[in-house]
Structures are given as C-alpha cells and as structure tokens.
Amino acid sequence: MPNTNKTRVTIDGNEAAAYVALRVNEVAAIYPITPSSTMGELLDEWTAAGQTNIWGTVPLVQEMQSEAGAAGTVHGALQRGALTTTFTASQGLLLMIPNMYKIAGELTATVFHVAARSLAAQALSIFGDQSDVMAARATGFALLASSNVQETMDFALIAQAATLESRVPFLHFFDGFRTSHEINKIEQLSGGQIRAMIDDDLVLAHRRRALTPDAPVIRGTAQNPDVFFQAREAVNPFYERCPGIVAKAMEKFQKLTGRSYRLFDYYGPPDARRLIVIIGSGAEAVQDTVDKLNEAGEKVGLLKVRLYRPFSAEHFLKVIPGSVREIAVLDRTKEPGSSGEPLYLDVVNVIYESRARGRFRELPTVIGGRYGLSSKEFTPAMIKGIFDELKKEQPRNHFTVGIDDDLTHTSLPYDPKFTIESASGVRAIFYGLGADGTVSANKSSIKIIGENTDNYVQGYFVYDSKKAGSMTISHLRFGPKPIHSTYLVTRANFVGCHQFTFLESHDVLEKLDEGGIFLLNAHYGKDEVWDHLPQHVQQTIIEKKLQFYVIDAYQVAHESGMQGRINTIMQTCFFAISGVLPREEAIQAIKTMIEKTYGKKGEEVVRMNYDAVDHTLAHLHKIDYPRKVTSQIPRKPVVSPKAPEFVQTVTAKMMACCGDELPVSAMPADGTYPVGTTKWEKRNIAEDIPVWDPQVCIQCGKCVVVCPHAVIRTKIYAPGLLKDAPSAFLSIPCKDKEFSGQNYTIQVAPEDCTGCGICVDICPAKNKMETRLKAINMMPLAPIREQEKASWEFFESLPEVDRRLVKQSSVRGVQSLQPLFEFSGACAGCGETPYIKLATQLFGDRMLVANATGCSSIYGGNLPTTPWTKNKDGRGPAWSNSLFEDNAEFGLGFSIALTKQKQYALELLRKLEPEAGSALVREIADARQTDEAEIFEQRKRVELLKTKIIKNKSAEAVHLLSVADTLVKKSVWIIGGDGWAYDIGFGGLDHVLASGADVNILVLDTEVYSNTGGQMSKATPRGAVAKFAAAGKKLGKKDLARMAMTYEHVYVANVAMGARDEHTLKAFIEAERYEGPSLIIAYSHCIAHGIDMTAGMQIQKDAVMCGYWPLFRYNPQLFKEGKNPLVLDSPDPKIPLKDYAYKGNRFKMLVKSNPEEAKRLIQLAQEDVLRRWQTYQAMAQAGSEAPAAVDQPAKS
Amino acid sequence: MDLTTTYLGMKLKNPLVASASPLSESVDNIAKLEDKGIAAVVMHSLFEEQLVLEARELNRHLTAGTESYAESLSYFPELSHFVVGPEEYLDHIRKAKRRVKVPLIASLNGCSSGGWTKYARNLQEAGADALELNIYFLAAKADTEGAAVEEEYIRILKAVKQNVDIPVAVKLSPFFSSMANMAKRLDEAGAGALVLFNRFYQPDIDLETLDVVPNVILSTPQATRLPMRWIAILHGRLKADLAATGGIHTAEDVLKMLMVGADVTMLCSTLLRNGVDQVGVILEGMERWMQEHGYTSVRQMRGSMSQKSCADPAAFERANYMKALQTYRKPL
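If you're matching them up, the sequences are chains R and L in order. Its first residue numbered 0, the first sequence is counted upward by one per residue in numbering that gives the first Met the number 0. Its first residue numbered 0, the second sequence is counted upward by one per residue in numbering that gives the first Met the number 0.
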C-alpha cells in the first residue's frame, strides 16, 4: 500500500539526490564542479552534523584532488566493499571515465550522481546539457535519467536498489541547473521507504566481494589475446538482466510510494500519430505541450527515456502505440561528424530491428534533432515546432531547434509567440542584483508558499556572467497543479524590478501580462517616480494597464540596519501585493522563516530583518499614473557607436540579454574572438567612485597598481596636449625628474569602476587640512558621471608613455605603463587581478597566457565581454584556456612551440643571410633582450628583416616570414589558482617545473576553490573554515614554494602586493628574466575569505607581518654567483597570527561555531607559522639580504 | 588579623577584588587569583554592543557575494549553529563557578534597555553572585541635556533591578555635574554598591599616520586620587557599598582607600603588570602595615579618614586644591 503519510519538501535537484545518497552510502569521494558541487557540500555538512545512513552510521566524505582522484578512490572503496558514491559533471565525468570502465568491468555496484553539463569544446560552458553523460555511455555504466526534482530523489534510490541487485554500476543523471538548481515542491522519501528499497542481503553480498587478505583473490589482472575477448563478453548476462531489475525496482517503488515509473514512459493518447522521444528535463515541457496540443485535437505523444543504458529494445517497443507514424528523437548533445546523435541512433536501430518482430505494420519515420545545448531554453513553442515538422511530407532530419542556423540550415521554424503558460496561479519574474538579496528572498518565498499552502511551487534563477554587480533574474511559479514547466516564465502576472537602473537597459516588462502587477524599487517618492521612468517603461505601463507599485527599499533597509540587503523588504511587498497568502499570515510566515534562516546568526540579525518587515508596508505605494507618456528619457544604447562592428552586431546583443537571437553565422566557428571588449560594456555598477586630488597626491602610483579593475590610470604627457582638455580634467606637473616638464594625471574610468575602494584604502597621502581625505577619495558617481566620462575619453586620447623611458623596477614607474587587462568581471576588490594586470603592464605586448579554469578564466574569458586587450600597435596578451587539470602542460606546449619556431627561424635566417645581410642576421641572432629598449631594438630589426625578404617567394623566405616574430622575445605565462596548482594540476605543474622550460607560472593563491564557491584546497590554511572543511581544516597548508625549490633550477617567489608592492614587482621582473621555469605564488585575498574587500591589501600586510606569508625570492641564478639563492624579504613575525587570521570570517566563524576547536587549531597554526619561518630563515641564512620592513605609509 | 569585609551583601575574606579585565577571560586565571587570595572576581565585561556587531559582521560576511554568480552561490558551508549570543560568556561563568569558591561578579556593558535587562537575567541564571553594571554614555551630542543622561542611568538600574534578585553594583564615570547627587539617586534607586570610577578608552592620534588610534594605558597610582576623594565624601552618606577602583597598585593604596571608606578595593593594572602573585604581595603588605601600626581589622580603619571622620573635612572639597598648589609653591 502506498504510504499516505507524506512529507512535502521544497528543495532543488541536487539536494534531492544528496538526500538519498547520504542514506544509502558509507563513503563518498568528491571533488567540486559546477553544477554538481552542492551535492558533495551537502553530504559534507550533513555528515559534519552527524547525520547517519539507514544503517545508523555517519558516512565518510573525502575530498580529492581531482575527479580522476575521486573516481580512483571510489573504485578502491568499492573494492573494499564499502557502499560508495560520488557526484560530478562535465569535465569531471570525463576524468572519471577510465575508472568507470574498470568499475563496470568488475561488476561493481555503485551510483554516480551527475548534474549533466556541457563539455568544453569551442568554449567552456557551466550550463546544462547531456554531452558529458553521452560521452560516458560506452563505459558499461547503466544510465538512468531523472527529468524533475521529484524523480531525482526517486531515481537516486531506484538506481541504488538496482545496482546492488544487477551489479551493473549506475550513472544517475539529471539536467544541470534546470533540475539540479530548480527548486520544486516534492514528496520526500521516508527513512522507511528507503530502508524497504534496499535489500541488506545484496549489501552483504557486495561486502563479501571485497578484497581481503583474510580470503585473498586477485582482480585487475592483465589479459592477452587468448582470453580478453571472451572475458569481456562474460558480463553480458548482467546487462541482459539489468533492465528487468530496474523495472522490478520501479514496481516495488510504486508499491511503497504510489509513484509509478517505467523504463520508458509513454505519455499521450493510445492512438497518437506523432511522437517525441526525449531524455531528461525537456520531457516535462513536452508533457505539458502534448496535453495542450491534444486538447486542440492533435494526436501527439511523448516517450520519456528513463533507463538509457542498458537500452532495452523490448521495453521500448512495448510502450509505443502501434498507431505512431512519425517519431522525432531529441538529443541534448552534439556529436560532430556522426550520422546522428546517440539517442536518435538507438531509436533508429531499435525501430529497424523491430521489423523482425512485426511491431509496426509500416515502419514509422524517425528523425533526430538537437536542442537545449548549454541550458538553451526548450519551450512549448519549440516543441510545437517539432510536432508540426513531423506533419510534413518530408520532415527535416538532423535538425536543430531553438536557434537560427543560417549557416547549414538545420534549424526548425517555430512560432516563438506560442505559449501554454497557465493562466491560473502566480507567475512572477524578479530582476535584482546579486548583492541585494533578491534570489535569497525568492528562495525564501518559495519555501513559505511550498510549506504553508497546498500550492505547488517552482523557482529557477538566472545569473549573469559577472561576479561584481551581477544581475539576477528569478522565475517563480505557484499554482494548484504540479508544475512541469521546465523553461523560463513566458508570461508573468507579477514583475518585480529591484534595481531602478535596469529600466534603462532591459525590457523588464516584456513578459508581463496586461493588467499585471509591476513592483519597482526606486529611490524616488511616490509622487516623483513616474517622472523618472524612461519613456518606453511609461508607455508599457499605460498600454498594459499595469498595477504599478513602488517602494524605496534602500531607505527601509538603511533604517533597519540591513546594509543594502533588500531581500526581506521586497519579499514582504511581494506577499502584500500578490495575495498568495492573507497578508497577516504571510507576514507571520516571513518572520518564522527569518527566525529559521537567521536565528543561528544571532538575535540582532533577526531583529533587523523583523524591523525591515515591519517598516515595509508604510513605504509601499500604489501609483496612480497619468494615461499618457510624459517622459523624455530614452532607452540607453547598449554600446557606444564607436565600438567595432563585431561588438555592435554580436557582443552588444549578448550584453542586452538578446544573445538567443544571434544566428549561427554570427558566431566564430572555432571559438576565436576579438580581444578588448570589456571597455564597451559600461556597467556603471559603482555608487561611489574614487576622485583624484592632485594637490595632495605624491604620485606614488600605489592606487594605480592595486586597482583590481584597471580603472585608475596614470599618464605622463606634454602640457601642450591639454589645450583640448574638458574643463573638469585634472592635471599637475609630474614630480619625477625623468619626466620633468611633463604633466601628470590620474584618471578614473567612471563607468567601469566597481567602487571597491581599495585604491583609497592604500593611498598613503593624507590631506593636511582635513586628514579624513586622501589624495584619492570616494565620491558619489551620479553627480560627476558625465564630467568624468568626458575626462576619461580625453584621457584615453592622450598618448601612452614611451615604455623605454619608464623605470620599470619601481611602482612609481610602472604606474604609467598601459595595462592590457582591464575592466574584468571579477568581484569588486578582487585580490587576483592586480597581479595579472601588473604582468600585462610589464610584458603584455609579448605575452602568451595559458589560463587554468577557475575564477581567472571566468573573469578573463567569459562572454559577452573579455578584459584581455591590446595596445595601439595591436599587440597584447594572447590568451587561452584549455582545461582545469592541464594548464601547466598547455603552457609548456606554447613554450616548446616557440622554442622550436625560433630555432627554425634562426636556421632559415642563416640560409637567407645573403639577402638579409650578415650584419642584420648576426644582430638578430645575438640580440640581448633583457629590457624594454633591447626588445624594442630587436623588434625594429625583425621588421627590417621582413621588409627585406617579403618579396622573396622562396619556401625559406615564406616560412621565415611566418615565424620571424618568434625572434622577438615572447613571454609565456601559465596562470591559475591554488585549486589548479596545488591540487588538480599539481602533477603537470611539477612536470613543467622539472622540464626546465622557460615559462612563468603565476599561482593566484586564494587558498580555496574560489570559483566554485570556496571549497578547501591543499592551500587552505589550518584552522580556516571552508566547504569540505566545515569544522575547520585540521592540517596545514602545503608548502608549494619549498617543493619547487627542491629542484634547485626553479625561480620561486612568494609575494603579497599589499605588503610590499615593490617586492612583487621585483619578483615578476626577475621571474620573467630567468631563463628557466619560474613560479610566483601570489597571496590573493578573496571574497571567500569573508573579509572586508576594501581592506584586502591591508590584510595582505598583516599576513606578512605575522609571518604567515613570508616574502621571499629563490633565484637559482645566484648559485652561479656563489650566493645563497634564497633571499627572505620580510622581517621576523611582528604580530600574532590571530591578529591577521581573525580579520577574516574563514577563521572567525570557527570561533563562533566551535570555540574550543578554534583555539586548538589557531595555536597549531601559529606553531606552523613559526616553524616555517624558522625553516626559511635557516635556509636563507648564508648570504641573505637584510629583510626590509613591509610597506609603511609614506609621509606626504 | 581580621581582613574581612562585606560587599554587596557578601562576606569577603579580604577587601581585594579583581576588577573586570582580560584576566578573567580564562577560568585558569580566575582559579589562580583565588589561590593567591583574591576575595572576589569581577568578570570581564559582556558587551552587548560587541555581540550586536559580531552578529552583523558574521551575517554580512556569510552573505557577501552569495547568489550572484551561478558557480559560487555561496562561499561558506552552512553550519548548523553559531555561538553568537551571550552563550559563550554565560558558559564561561558556569565553568568558573564550578571551579572556584570566591564570589563571581558578572559585568554587563549594555547599549539598549532590552539587552541590559535580558542579559542581566541570563547572568544571574548562569550563577553570577552579583552584577556590576558598567554604564557608560558619552554625551557627545550638544542637544543632550545632562539631566537626561542622569535619568538614563537611573532608568537602566531600575530596569535591571526589577529583573534580577542578585545585588547590583553600578560602575560609573566621575563626569557628573553633581557627583554626590548622582550617587544619592543611584543609592535610592537600589544600587547595592557604587564602583568608583570607570576608566574609559581614550583615543590618541598617531602623528606619523595621522590616524586616531586606540591607546589603552594601564593606570598609575596617581589615578587613585579621584576615587579617593569621592569615596571619602560619600562614605557614611549612602546605603550602597563603595568600591574603589583605578590606580590601586600597592598595599598602601588599598589601606588609603579603606581608610577613606571603601568596602572593597579593585585591582586591575597591577595584576596585568605584575601577575596574579601581586595579590599575595598586597595582602602581605597590608597585614605587615596593620601589625606595625596596631590595627587588628579592616573594619577598624574603614572610613576612618573619610570626610565625615577626618580632622579636616574641608580638605576633600574644592578649596583644598588651591591649598595644594600653594603647598607646592612653598619651597620655591
């Protein structure tokens, strides 16, 4: 009998899978990767809190150094008979494939839970499709697909039951983001139901197969041509039995829960003519559309594929109505060059083979197509388009849907206006900023409605590609019926715009129904707001007869101490206006949720949220607006008309959230894009920007060097150029002797600044009359935006400094070098980007960058706009990202190729000596290229060479022309975070260091996996809390620098720009000059440290002062001079570790969660610091320079 | 030799009390103080404002950057609980109570009436033998009238008294127009003792960095003069006990304070500077002096030099200041 005592929970797909995984496993070996990371994190948190599996024991969770490592550990744990699982996606799954073959070959029961995601090809994508799962389909794992959150919980259990019985390992998957991150109301499996599904005899059998010296066997032998083949075929019976076992488990599951599933579920009328076959979340949208179309008299059906491998033709054929004449098979993957995508080929084959069984009187037509790659929307309109296509005499095969393929014309036409959005219930869209708490508020609202009403709920959240000032769009549905709409809200009856500025740049009212509710957060009062609306917004409000509400949520937030978080305020407004719940009841429910969410963080946090709720309604106003448009405010153009054509036609579309409209022909086929596009995306996200005070300024350049976003620039130029300067442009004579007679300006790019304030914090010059002011001060952007825009434009028109004249060994000098990395989407105040920017200032015009996947590849390479740029000569860093794990090797490839090409160029040069001239050939071949001037001269020589041979059509000359540029020194940089360098890429890094190649490795050490949300790496310090180290990391940080020093041929530097910028600069220059591998480990403060990002550089200083982050350089060059290669560049520890550590929440939250343990670990960490310091001191003792102090504020 | 005294209704073995300082943050230190002969310990202060700020900070850092970018929707693990309220402090009192026998006086530094009364009750329930209210209000706004400030002190005391049964002392600043009147009003409002006086954080500036910097300076013996005068004046005029605090470093300082009328004397800087052994040194010094001078009990000397009992009562009033200057000039 079905269990009628149902618990309903409102959770996302990741939590649903993890809920079961915790209960049916003993071991989990994990590694973070989007969008599956949450599953591992939840297991870590739950086990840390003592939650047990169904056998009453707390599973062990082990974070590994890569997915390959996780798979190996899973394999080992399984061999020892432990019930073991893992969670992964995308490239992570690819790294597991070798072990998956082994695990399957050895018939080992396990379930891998996969949040299916795109594979990196022409570009990386974190979003959902099934390319990863399809790449693993040959491993021998069973593939079981869930199409919604409920199924994700249910199939996690069914997979576990089936794997134990069949001994075929299972890959249980669901669509990344669409299911993994969609919040939905589902029935939670009870402990009893889980218990009943798992047969302990099978568990014991699994354990009995474990390797044990008490009864040894050997597994994992090497086999030869005589038997391997036969042995491989020996597993066949297990695969033959597997579908039946899954079907049986599904039947048992139905008896326990009432929820019915089959290997292939047919949905539709028994006499359907046209059919869509699909796997995953898309099936939900098809199901709703099928209902709608059949209501309109069509005869269409859906076949949901649950168990894709082993593919049971028998079960498949059994459920298809004999009436079906046309079938469209949809694949959410692409297999270039194939005769069709995987599911399509399987279906074609099964239909073809069915001839023998006489299943169909006439074989149906089968077509295949691709949809939904990288979370591309898959809507009822597209589905109708597919069904319509099937009506045609000769439907298009190998189609695509959802895009405009104007290149090879694969795409199906459809009517984008077709919608089946239910008229009942609430369909709401909220536009917010990441920082304002909009998504949190909506997640809370969904839970409130899910838990307090009989409504079904759905929440899905769209984030943009920037980390600072990012826009979020929340799509919420509530209604009396289960919600299958696995696509964004197409028609809303409520729109909340939580940021007024979005009205200028986005059409936020496009999807709002006539008569719908529009809630706007605005700084303006109820009587003045109308006049501040852009023209098109007024027009829409009038035309759609909207109910228009306004609130100044920031004022309420300010008064309640909410520090810019408007979540509870906007949530209260939503409930008050939407009427989903009676107002009083809603407010009580919000407060209960506040207590539940924030209670543990202290009464004060609860109090301020309560205050915010209580003060909201008094500030919420319904606006009685005029019936005619009065505004003169136009919609802002997306980019300046000065932008290049590609930016105008392609990039601008993406920036305006209209990238879906771009046709295939607009996209570069090989993933190659122009550089320097961030400068066209004027995001205006800062409320306050720095403003220069030339009278106070000492021209030290520190603000310019630390600016993470390259928005503060210096130029030194002839005073005569000022004649066309706008009136607000500031200029003062340059203080440097080298530039005497020249003028000096520090200018801020007002529309690109994030307002982080790091520049002001670092500025050492104080105003003598008013000491609160410095030489650079934060001021509100709005009143000075136009004037500063004009100044910035003029500033850009000024010439760049002659690089040969700049003293590059000083920060004072470097400040005027043009950065070739600008306006990235990194977090405001990022600690990584100042190092990258510095490298581009020094070496950018001859730099190749291999960038590991992570934060730096995201802010460095995520469309629509990218920050790597070029100078007026068209030179700049050439950047690429291969993978996460292989970056050092990828960069080594650059280096080897350059070495070979240069060798070849020299060989050809000598052959062409008669033509090029002996003197030139000798000069080129023997050129020293250690500084800017020498490189400049070499460039001139190579240009001359080119002019001399350009007309020569001999093979030698043509080839020499193609490689001649390698004769000018290039600088190979291998850049990545600690997750790459210490963990997943360490093997490669180590090999590249050992190779002796002339590469420069920059490790941006944030001491956690920042990009995936702060998981522990081997760089995480002892005592810090991180994901997968919820109880504080127990062991110390790996000393990567010391490991590299053991080679004795590697240049190694430990730097912290905030502590001593000149030291960082010196290390960069030395590393680049060193003709061998160089490793720079750069302290990078990070939002994941839980610090005040404005003070990031000061915190770096503390890190050095306490000895936690010693500054040093290990230069093997010094060996040759008979000196000790290690020079310690920072003084003895001056302050205790805790004075530094407790400035960051990562350490402090352990004090707040487990004070005793915090005390123990900080003590040990302090000992680590002193011991490490002593070790370095001893190593550096002979011939070390006297350590200099960390930077002290200069006297103005 | 009878060194006993009473304070806040408690019989103490001697008049040496450790005042609120970082020393009492460790139970081991409290036990050491007891070993060395301290008669009672005032715990370090529970600062309501600090709890509020810490909770806000924790919340701010746990939410910063969340729900902004699809790959990193949060940056910290979701922990099931935090010790963000007064719980850690209360637990500390509980632990100290289990460890030592000397009375423990909890110290409360509040900033809202809610916090004062609620935490006072928590402190009592945790086992504090008495409570010291550390009321400090810097009236920096020109619109705030002196009377309103005084009224706030009385209001807080009354509110706390209503909520607890244990005795309540008030530690206050000397910055009142009429100190004697203020003392009388607090006495009437139910203060079990007045602790004279609070030493406040006084900011300094750094000439090099041009920053305002916190600058905690340990007291010097000169600091005893202010409480000495006021204890002398107030002794015998109030029901409340009097505790002297500030600058008491030696046995002589203690003896003087007792003579002007203090029921107990509170030690801080000397313990931080010289270690807890200083308690024994002072006790020894007191006994030696009392023996040498023929005293048999603290009771005998208490108040013997107060304004009421001394030969020259006017010496404690303002005129005395002029005389002191003249005395100073005489040798010239």
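Backbone N, C-alpha and C define an ideal beta-carbon position, used for all residues, glycine too. These numbers come from a predicted model, not from an experiment.
I382/R vs A327/R beta-carbon contact at 7 Å: As a working note, residue 382/R is residue 383 in the first sequence. As a working note, residue 327/R is residue 328 in the first sequence. Cβ atoms of I382/R and A327/R: not closer than 7 Å.
Quick check on the burial criterion: 16 or more other C-beta atoms within 10 angstroms. Buried or exposed for C657/R? Within the first sequence, numbered from 1, the residue matching residue 657/R stands at position 658. Under this definition C657/R is an exposed residue.
Nearest residue (CA-CA) to L156/L, options A188/L, M178/L, A69/L and A141/L: As a working mapping, residue 156/L is identified with position 157 in the second sequence. Comparing Cα-Cα distances from L156/L to each of A188/L, M178/L, A69/L and A141/L, the minimum goes to A188/L.
At a Cβ threshold of 7 Å, is N58/L touching chain A? Of the protein chains in the structure, R and L, none is chain A.
Excluding the five sequence neighbours on either side, which residues of its own chain have a C-beta within less than 6 Å of the C-beta of A1212/R, listed in chain order? Here chain R comprises residues numbered 0 to 1195, so residue 1212/R is not present and cannot be evaluated.
Within the continuous beta strand (DSSP E) that includes I711/R, where are the two ends? Translated into the one-based positions of the first sequence, residue 711/R becomes position 712. Note, I711/R: beta strand (DSSP E), I711 to Y716.
Neighbour flag for A1193/R against chain L, beta carbons, 7 Å: By 1-based counting over the first sequence, the position of residue 1193/R is 1194. Because the pLDDT of A1193/R is 43, which lies under 50, any placement of that residue in the model is unreliable, and the number read from its coordinates should be weighed accordingly. No, its Cβ sits nowhere closer than 7 Å to a Cβ of chain L.
Report the neighbours of P782/R on chain L: residues whose CB is nearer than 7 Å to its CB, in chain order. Counting from 1 along the first sequence, the entry for residue 782/R is found at position 783. Here the premise fails: no neighbours, minimum Cβ distance about 27 Å.
Can you pull out the residues from the segment 74 to 85 of chain L whose beta carbon lies closer than 8 Å to at least one beta carbon of chain R? Residues Y74, F75, P76, E77, L78, S79, H80, F81, V82, V83 and G84.
Check I521/R in the structure and name its three-state DSSP category. As a working note, residue 521/R is residue 522 in the first sequence. Reading off the sequence shown, one finds Ala at residue 521/R, where the question assumed Ile. Residue state, collapsed to three classes: coil.
Closest residue to A134/R among Q149/R, L118/R, F126/R and I125/R (Cα-Cα distance): Position 135 of the first sequence holds residue 134/R. Closest by alpha carbon: L118/R.
Can you name, in chain order, every residue of its own chain whose Cβ lies under 8 Å from the Cβ of S1195/R, other than the five neighbours on each side? Position 1196 of the first sequence holds residue 1195/R. In this predicted model, S1195/R has a pLDDT of only 36, less than 50, meaning its place in the structure is not dependable; the value taken from the coordinates is given anyway. Counting only Cβ-Cβ distances below 8 Å, and skipping sequence neighbours, we find V695, I697, P763, A764, K765, K767 and A774.
Can you look up R426/R in the DSSP assignment and give me helix, strand or coil? For the purposes of this step, residue 426/R is identified with residue 427 of the first sequence, where counting begins at 1. Here R426/R sits in strand by DSSP.
Could you name the residues of chain R that L72/L contacts, counting a contact when the two beta carbons are closer than 7 Å? Residue 72/L sits at position 73 when you count from the first residue of the second sequence. Simply G1012.
Does M0/L come out as helix, strand or coil in the three-state DSSP assignment? Looking up residue 0/L in the second sequence gives position 1. It is coil, neither helix nor strand.
For the alpha helix (DSSP H) holding V40/L, just list the boundary residues, first then last. Here the question's residue 40/L lines up with position 41 in the second sequence. Note, V40/L: premise wrong, no alpha helix (DSSP H); beta strand (DSSP E) at A39 to F46.
Roughly how many angstroms separate the alpha carbons of Q631/R and G495/R, rounded to a whole number? Start at 1 with the first residue of the first sequence, and residue 631/R comes out as number 632. Start at 1 with the first residue of the first sequence, and residue 495/R comes out as number 496. One C-alpha to the other measures close to 23 Å.
So the beta strand (DSSP E) Y1113/R belongs to, where does it begin and stop? As a first step, residue 1113/R must be located in the first sequence, where it is residue number 1114. Segment F1111 to Y1113, the beta strand (DSSP E) holding Y1113/R.
Which residues in chain R have a C-beta closer than 7 Å to the C-beta of G64/L? List them in chain order. Locating residue 64/L in the second sequence gives position 65, where the first residue counts as 1. By Cβ distance, chain R contributes C826 and I1086.
Measuring CA to CA, which of P34/R, F386/R and L1034/R is closest to S373/R? Counting from one through the first sequence, the residue named residue 373/R turns up at place 374. Checking every option, the nearest Cα to that of S373/R belongs to P34/R.
From the beta carbon of N1144/R, is the nearest beta carbon of chain L less than 7 Å away? In the first sequence, the residue the question calls residue 1144/R occupies position 1145. It does: the Cβ of N1144/R has a partner Cβ on chain L nearer than 7 Å.
Given that a residue counts as buried once 16 or more other Cβ atoms are within 10 Å of its Cβ, and exposed if not, what is K238/L? In the second sequence, the residue the question calls residue 238/L occupies position 239. Label assigned to K238/L: exposed.
Got a sec: is the Cβ-Cβ distance from L331/L to anything in chain R below 7 Å? Counting from one through the second sequence, the residue named residue 331/L turns up at place 332. A caution first: L331/L carries a pLDDT of 38, below 50, which makes its placement in the model unreliable, though a value can still be read off. It does not; no Cβ of chain R falls within 7 Å.
My parser needs the alpha helix (DSSP H) runs of 4 or more residues fully inside the segment 841 to 874 of chain R; what are they? 854 to 860
Leaving out five residues before and five after I92/L in sequence, what residues of the same chain have Cβ atoms less than 8 Å from its Cβ? For the purposes of this step, residue 92/L is taken as residue 93 along the second sequence, with counting starting at 1. So the list reads M42, L103, A105, L122, A125, G126 and A127, once near-sequence residues are dropped.
For Y1046/R and chain L, any beta-carbon pair shorter than 7 Å? Along the first sequence, one-based indexing puts residue 1046/R at 1047. No, because no Cβ of chain L sits closer than 7 Å to the Cβ of Y1046/R.
Is the beta carbon of V555/R closer than 7 Å to that of I576/R? Counted from its first residue, the first sequence places residue 576/R at position 577. Counted from its first residue, the first sequence places residue 555/R at position 556. No, the Cβ-Cβ distance between I576/R and V555/R is not below 7 Å.
Inspect the beta-carbon positions of A122/R and G670/R and report whether they are closer than 7 Å. Looking up residue 122/R in the first sequence gives position 123. Looking up residue 670/R in the first sequence gives position 671. Yes, these two residues count as a Cβ contact at 7 Å.
7 Å Cβ cutoff, A17/R in contact with chain L: Here residue 17/R is taken as the residue at index 18 of the first sequence, counted from 1. So, not an interface residue.
What are the residues that DSSP puts in a beta bridge with R476/R? Locating residue 476/R in the first sequence gives position 477, counting from the first residue. DSSP, once it has assigned bridges, lists R426/R and Q457/R as partnering R476/R.
Would you mind sorting R287/L into buried or exposed? The rule is 16 or more other CB atoms within 10 Å of its CB. Translated into positions along the second sequence, residue 287/L becomes position 288. Within 10 angstroms of the beta-carbon of R287/L lie fewer than 16 other beta-carbons, which makes it exposed.
CB contact below 7 Å: K736/R versus chain L: For the purposes of this step, residue 736/R is taken as residue 737 along the first sequence, with counting starting at 1. Look at K736/R: its C-beta is not under 7 Å from any C-beta on chain L.
Three-pair Cβ contact test at 8 Å for the segment 496 to 506 of chain R versus the segment 592 to 600 of chain R: no
Which complete beta strand (DSSP E) runs does the segment 730 to 778 of chain R hold, if anything under 3 residues is left out? Restricting attention to beta strand (DSSP E) runs no shorter than 3 residues, the segment 730 to 778 of chain R encloses them at 742 to 747, ordered along the chain.
Should S172/L be flagged as near chain R, meaning a C-beta pair shorter than 7 Å? Translated into positions along the second sequence, residue 172/L becomes position 173. Output row for S172/L: interface = no.
At 7 Å on the CB atoms, spell out the chain R contacts of L22/L, in chain order. Here residue 22/L is taken as the residue at index 23 of the second sequence, counted from 1. What L22/L touches in chain R: nothing, since even the nearest Cβ is about 17 Å away.
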